[in-house]
Structures are given as structure tokens and as C-alpha cells.
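Residue numbers (full-length UniProt numbering): 1 to 101. The beta carbon of each residue, even a glycine, is placed where N, CA and C say it ideally should be.
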């Protein structure tokens, strides 16, 4: 079958790696980061759960709403640093399509 082809597996791996590198580069541009994140956030978060080899993606690519940030989304890497400063043992989270659902 075509899905089991070694060439297709290599193509998929290289494509995901290049996409993650591009998203990391785009995350540095604060002006466009919000728009890009709005367009691709669902698929990126879903991809983390489904694609085991790339599960260790850079944490600055994952942004979440936190109670102290209001409507701004905070990178997961910053949230982990904040929880260590506050001597917080764990990070609680809710899942859903938006923060209101």
C-alpha cells in the first residue's frame, strides 16, 4: 500500500520537521504570530498527540490562555517557568475548542 511506503514515511517525517522549524521561526515574529497561531493551533495541538516522534516540539510553539494573562496566549515554556517561580507543583488545564467552551 502507498501509506506504508518507506518513501512516503520519509517524506512525511521531513515535511513535519520542516513545518516545525518554520513555525519556530514564525513564532519569533510577534506581529504575525497571533494570526498564524489562530490558523494552525488546532492542528498543531492535535499533531502533538498523534505524532509520537515529533512530540518533543519546541514549547514556545504551544500557547495557552492562563488566568493571569487575560486574553493573551502564553507560551507553554513561559508558563512552566512561571509555575516554578510560584512553587506550583502542577499546572491545571482545560481542554476544548476555545476558552469559553
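Per-residue burial, residue i [other beta carbons within 10 Å of its own, 16 or more giving buried]
i: residue 10; result: exposed
i: residue 22; result: exposed
Limits of the alpha helix (DSSP H) - the one that residue i falls within
i: residue 6; result: 6-27
CB of residue i within 8 Å of CB of residue j, strictly
i: residue 7; j: residue 51; result: no
Top-ranked residue by Cα proximity to residue i, from the options
i: residue 63; options: 27, 12, 3; result: 27
i: residue 72; options: 20, 42, 38; result: 38
i: residue 47; options: 33, 35, 19; result: 19
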